[in-house]
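In what follows, a single structure is set out as structure tokens and then discussed.
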Amino acid sequence: MRGRIARLSGSALALALAAGAALAAQVVDPATARRAVSSPVIVAQDGELAALAAAGRTTELAARLERIAHDATIPAISQEWLLDRGLHALASGAPTPAARAAVTRLAARPPLVYARIDPDHGDRVTPLYDTGATARFVLRQWDRAAARDAAAADLAAGRTTAVARFADAAAGNAVQVGIADAFRAAPPAILASQRAAVGDALVQGRRVDALGLVLAERLADAALFGLVVDYAEEPVALAAIPAAARTLGAGDALALLARASRRADIASAATLAIGTLAPRDPAAQRFLLEAVALPEIGASAAAALGRLGEPAVSAELARRLDDATDDATRRRLVLALKLDGSPPARDALERFAKAGAGSAPLRQEVRQWLEL
Amino acid sequence: MARALSRTAGIALACCTAVPAAADCVFDASGEITNPFEPGCGDVTFTYTESDNSGTNIALGYPPPVPVASLTPVSGFRDYASLFARHQELLTLNDEVAGEVVGQTVAGRDIWAYAIGDADAITAEGFAEAAVLVNSGIHAREWQTPEAATALIETLVAGNADGGFFQYLVENLNTVVLPVNNVDGFIQTQLYPVNVTADRQQPREGRMRRKNLRNPTTGGAIDADIGTIPDNFWGVDLNRNSSQGFGQQGASSASVTSLVYRGGAPDTEPEVLALQQAATLGPAARLRLYSDTHSFGRVYFAPRPANTRLNAITQALAQRMIAASGRSYGYGPDPAGSPGIGTTADHFAFTYQIPAWTLEVEPANGGQEYGGLASHGHSGFILPAAEAPRMRDDLTRQYLLGFYRQSGPPAAVAAEIRNTASDAVVYRARWDRTGASARTLEVEVNEALVPGGNYRLWVAFNKPMRIRSSAGAIVSYAGQNRGAEVGTLTLEIGDAGDQVALTGGTWLGTAGGAPDGFLRYSDDAFAVDFVVPALLAVTAPTPAVLSLDIEDLAQMALDADPSTAVDWGSGHWLRYEDESGEDGDAGGVDCSFKPFVAPAAGAAAPGAAIGCSAAAPPPPPPPPPPPAGGGGGGDGSGLALLLLGLLPLLRRKR
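Those protein sequences? They're chains Z and P, same order as listed.
Just so you know, the first sequence maps onto residues 266 to 637 in our numbering.
Just so you know, the second sequence maps onto residues 535 to 1188 in our numbering.
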């Protein structure tokens, strides 16, 4: 809305953004877009698409979408909306070769309808719909479903070939996602039969991270969680942390999280997760108090302790600050007490600000904090 | 068959029992929702999903990120509590980071700003430091930006003892960062990481809240419950509340439910006032750059005050920063004469006459750039978690280059020439700070260079001029084209125009000063070996000059007159001279070091000095041709006399 919103629904605006577009792109405002998809004719067409989808007539639906895509009598905004709706409906069904070919052709379609989405963008516009992207999404969803169905069949038959296919697929692609879907949907008894294959693959460095996490969580398997923490790439290892905290018993969870806290890229998350155990688990509290002295996770331990809001913890932090002899540990204890903010914490910080050891800038910073 | 039927039934359920493709919000011609509180509009909740687009679900094509509890950066977006703890960790554990509460939000939460720099306010040379200010998190839904700002602080702290580029920035610049401006709104979006209300074309509240939490009826804060329908449209757009351009150009609204509600009056929102307070940490009078980090769009939107030099500098600076990105960004200046629209960038550009912009980070168009969907144009606000690390690095690279440029242009501050056979110093000079903006050249040694002699030239600058890879090799800064080469160095000798090209110089990455080490920071000095030609025809002590045509890693030329230290004022560089002594914004060739050549060692220095050929005025244009036909003087003698009369002007400037 930088400048007035241009009501250009009736005018074609050739935009360099749509590289290679043979059709002129349009900029629409929301009211125009709403009217364009509310006309009886368009609503009726949408209904017909829905009916085709409901009847599983995938080939006809895809062909219908291609005709819509080339129908110059349909306004662009209506076209794009119908294509978006129809493609999403296709995504849920099973593809036919003709449907796949049609969707593949649609995957090359550039955006044709733009809108001013972010008011800070001035006259720059953003695709309101992107049929090509949606078509590519449909292709991936079909591949995902096929991979899921094949994996489900393998699981039901007790075969471990899905694990190998997962490891061989490109990271994060539709095949991997589909196989993970099948694992998530399988009953625990079937998953248990896959445990050895997945565990071995992890140890061998084969990329079955997501499967490892699914099994670990579904089977509440502490050892498998450990393998995930040790071997999986960061995104999956990170996801294992809250999964372990909610799945495992207190002792197993603490042991797993302590193990994760030794891995640099997830150490902070693991330490904070130990903090969520601490209200119920004295061992978790002890872990955090000792961890404050460790450079790798000391600050995270301080943050976790500072969030507990427990008077005994506050008092212990204060005692340790009084007794601290190295600057780094002292600073982390100050951090914990700042984040704590309770009266005992403030008392400890006041003592420190007046007569504590440590650098003058640190004491000055504490004095400023106390004045807040 | 059973599976196919169930799938078909699933499709039927998904498509045909859906609510209308759009909720029943009604839009006016300006794009405003006119019935926000009516059933069917404000009370509709949508959910962002990875792939389910049925009913009130909106598929993104990738998993919608949820906030992560981690102080250290991860493949994703940290929750506010973790970001805050991280900022406080960096503050408490590092004396180079100072922090201050600069205000409170509408709901009473503290707003913190952090300054990264050394304890003094002076550069390594002793001149007053410049400052830069980065704001982030002003629009709640733009999750990329607090992560980008936090990465900036993390990177500066991590490198503050690197002996080079980062240490230079920490010791010679004050970098002020306000990482989460709209704390209330940001927390609100994280409370509801996948839910929004109202309309797919204009989702509001929850994950897509843009504004602060101002309740226009009470003046206090609205509640955090997404189910409280009436207040889901309320709040002030903090990027329309600044006084510069307030209410101008139809770019904001007086309607309290508008996405761009500007507030009842300018500069009313505590978050905006907190940002203005953060500027005092610079201090404000020393600011040379302001950037308000937003998403999305991949473009720098720059205000355009009536200051031609400022606008040119802003554009050049942005283009250098854009070049440092791994993605293509655009540059979008306001139209000439625009007073702004009440953005924070407008405030800083017009008030302080400094380069300022709204920096919209990636994506350019939406989630489809990462294999996702357009999602009614709004997926750009929801960057996939996996893209967060690269985005952080990319923004940091851009910002640090901008900070380096605005810390000030390079100046040659010391030179030494040493006879490599005898190891004797034959020339040594340095520019010492002698005033608030002045340097004086101290020439300690000035003995003759002799024909046939082998020498080593060492020159040092006031900033690191290059960077190195982790393997120790000189590399170009991302997107810039100044690598291992030093530049064009020439020893110009006497009026006869003799020149010795100095080639093969190397930047110095070890400490120790002349002749083989840097002065203060890695690669703030270079050395080059050269020979004075044995056949050079000098019969008496002959003045010479070193011509240094060198750019720093951000492609800024030298301050050609180091006697006047560069500063910033009125929207442009001050005392940034070129080789002719002209004050401007481009700099030029340094010609301040003037040894001499003599037939033999021990000769006294000549009385006169010379200037660089680069500093010579251009030759005058040729005279016009004589008129055609008639007239006298057909033998050309008049033209010859004219040219002879012009000869004195062709001599080098002394």
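Cβ atoms here follow ideal geometry from the backbone N, Cα and C, with glycine treated the same way.
These numbers come from a predicted model, not from an experiment.
query = DSSP on Gln-736 (chain P), reduced to helix/strand/coil?
reply = Residue state, collapsed to three classes: coil.
inquiry  = Strictly below 8 Å CB to CB, what residues from chain P border Val-468 (chain Z)?
reply    = The contact set of Val-468 (chain Z) on chain P, defined by CB atoms closer than 8 Å, is empty, because the minimum CB distance reaches about 23 Å.
query = Should Gln-902 (chain P) be labelled buried (16 or more other beta-carbon atoms within 10 Å of its own) or exposed?
reply = Buried, since its Cβ has 16 or more Cβ neighbours within 10 Å.
message = Is Ser-670 (chain P) close to chain Z? Criterion is C-beta to C-beta, closer than 7 Å.
response = Contacts with chain Z at 7 Å (Cβ-Cβ) do not include Ser-670 (chain P).
task = Identify which residue in P:Asp-1101, P:Thr-1040 and P:Gly-576 has its Cα closest to the Cα of Glu-739 (chain P).
result = The shortest C-alpha separation from Glu-739 (chain P) is found at P:Gly-576.
ask   = Roughly how many angstroms lie between the CA atoms of Ala-682 (chain P) and Asp-395 (chain Z), to the nearest whole one?
value = If you take the alpha carbons of Ala-682 (chain P) and Asp-395 (chain Z), they lie about 28 Å apart.
task = Please say whether Val-602 (chain P) and Val-608 (chain P) have beta carbons closer to each other than 7 Å?
result = With contacts defined by Cβ atoms closer than 7 Å, Val-608 (chain P) and Val-602 (chain P) form a contacting pair.
query = Ala-593 (chain Z) to Ser-579 (chain Z), Cα distance in whole Å?
reply = Approximately 19 Å, taken between the alpha carbons.
message = Counting only Cβ-Cβ distances shorter than 7 Å, please list the residues of the segment 396 to 408 of chain Z near chain P, keeping chain order.
response = Those residues of the segment 396 to 408 of chain Z that come within reach of chain P (Cβ to Cβ, closer than 7 Å) are Ala-398, Thr-399, Phe-402 and Gln-406.
message = Just list the residues that DSSP pairs Trp-346 (chain Z) with in beta bridges.
response = DSSP lists no bridge partner for Trp-346 (chain Z).
inquiry  = Helix, strand or coil, according to DSSP, for Ser-956 (chain P) in the structure here?
reply    = Ser-956 (chain P): coil per DSSP, three-state reduction.
query = Between Ala-908 (chain P) and chain Z, is there a C-beta pair that is closer than 7 Å?
reply = So yes, Ala-908 (chain P) belongs to the interface.
Residue-level contact to chain Z via CB, Asp-629 (chain P), 7 Å cutoff = By this cut-off, Asp-629 (chain P) is an interface position.
task = Following the continuous beta strand (DSSP E) through Ser-1081 (chain P), name the residue where it begins and the one where it ends.
result = Run containing Ser-1081 (chain P): 1076 to 1083, per the beta strand (DSSP E) assignment.
query = Do the segment 1127 to 1135 of chain P and the segment 978 to 990 of chain P touch if we need at least three Cβ pairs shorter than 8 Å?
reply = Counting C-beta pairs with one atom in each stretch, the segment 1127 to 1135 of chain P and the segment 978 to 990 of chain P have three or more that are closer than 8 Å, which means they touch.
Residue from P:Asp-1112, P:Gly-1118 and P:Asp-1117 whose Cα sits closest to the Cα of Cys-1146 (chain P) = Shortest Cα-Cα distance from Cys-1146 (chain P) to any of P:Asp-1112, P:Gly-1118 and P:Asp-1117 involves P:Asp-1112.
message = Using 8 Å as the cut-off, can you tell me whether the segment 1093 to 1111 of chain P makes contact with the segment 948 to 959 of chain P, which would need three or more C-beta pairs spanning the two stretches below that distance?
response = Segments in contact, no.
task = Run through the segment 651 to 717 of chain P for me and flag every whole beta strand (DSSP E) of 3 or more residues, listed as ranges in chain order.
result = You should have 664 to 669 and 707 to 712.
message = Just to make sure I have the definition right: I need the residues of chain P whose C-beta is within less than 7 Å of the C-beta of Asp-446 (chain Z). Which are they?
response = What Asp-446 (chain Z) touches in chain P, judged by beta-carbon distance under 7 Å, is nothing: the nearest beta carbon there is about 10 Å away.
ask   = Considering only residues of the same chain and omitting the five flanking positions on each side of Ala-852 (chain P), which have a CB-CB separation below 7 Å?
value = Taking Ala-852 (chain P) as the centre and dropping the five residues before and after it, the same chain places the C-beta of Tyr-834, Ala-836, Tyr-865 and Trp-891 closer than 7 Å to its C-beta, in chain order.
query = How many angstroms separate the CA atom of Pro-680 (chain P) from the CA atom of Leu-893 (chain P)?
reply = For the pair Pro-680 (chain P) and Leu-893 (chain P), the Cα-to-Cα distance works out to about 13 Å.
ask   = Do the segment 481 to 492 of chain Z and the segment 506 to 524 of chain Z meet, that is, are 3 or more Cβ pairs less than 8 Å apart?
value = Yes, the segment 481 to 492 of chain Z touches the segment 506 to 524 of chain Z.
request  = Take Glu-636 (chain Z) and list the residues in its own chain whose beta-carbon comes closer than 6 Å to its own, dropping the five residues that flank it on each side.
outcome  = Once the five neighbours on either side are set aside, Glu-636 (chain Z) has no close Cβ partner at all.
ask   = From this set, P:Pro-1153, P:Arg-939, P:Lys-1128 and P:Val-636, which residue's C-alpha is nearest Gly-1191 (chain P)'s C-alpha?
value = Because chain P spans 535 through 1188 in this model, residue 1191 (chain P) falls outside it and cannot be assessed.
Three-state secondary structure (DSSP) of Trp-634 (chain Z) = Helix, per DSSP.
query = Does the Cβ-Cβ distance between Asn-746 (chain P) and Asp-718 (chain P) come in under 7 Å?
reply = If you check the CB distance, Asn-746 (chain P) and Asp-718 (chain P) come in under 7 Å.
ask   = Looking only at DSSP bridge pairs, what is Thr-1040 (chain P) linked to?
value = Answer is P:Ala-1061, bridged to Thr-1040 (chain P).
ask   = So with Cβ pairs under 7 Å, would you call Arg-332 (chain Z) a contact of chain P?
value = So no, Arg-332 (chain Z) is outside the interface.
request  = Return the residue from the list P:Ala-692, P:Thr-791 and P:Ile-592 that minimises the CA-CA distance to His-730 (chain P).
outcome  = Looking at the sequence itself, residue 730 (chain P) is Val, so the reference to His does not match. Cα-wise, what sits closest to Val-730 (chain P) is P:Ile-592.
request  = Could you work out which residues of chain P lie near Val-599 (chain Z), taking near to mean beta carbons separated by less than 7 Å?
outcome  = Taking a Cβ-Cβ threshold of 7 Å, the residues of chain P close to Val-599 (chain Z) are Thr-626, in chain order.
Identified DSSP bridge partners for Phe-835 (chain P) = DSSP lists P:Gly-866 and P:Thr-892 as the bridge partner or partners of Phe-835 (chain P).
task = Using only alpha-carbon positions, find the residue among Z:Gln-550, Z:Leu-570, Z:Ala-296 and Z:Ser-526 that is nearest to Ser-607 (chain Z).
result = Among Z:Gln-550, Z:Leu-570, Z:Ala-296 and Z:Ser-526, the Cα nearest to that of Ser-607 (chain Z) is on Z:Leu-570.
inquiry  = Run through chain P and tell me which residues come within less than 7 Å of Ser-565 (chain Z), C-beta to C-beta.
reply    = Chain P residues near Ser-565 (chain Z): Leu-605.
ask   = From this set, P:Phe-882, P:Ile-567 and P:Asp-759, which residue's C-alpha is nearest Asn-773 (chain P)'s C-alpha?
value = Cα-wise, what sits closest to Asn-773 (chain P) is P:Phe-882.
Candidates P:Ala-920, P:Tyr-648, P:Pro-737 and P:Ala-1078, of which the one nearest Ala-1030 (chain P) by Cα = When each option's Cα is compared against that of Ala-1030 (chain P), the closest is P:Ala-1078.
inquiry  = Tell me the rounded alpha-carbon separation between Ala-626 (chain Z) and Asp-652 (chain P).
reply    = The question names Ala, but residue 626 (chain Z) is Pro in the sequence shown. Annotation: Pro-626 (chain Z) to Asp-652 (chain P) spans about 11 Å, alpha carbon to alpha carbon.
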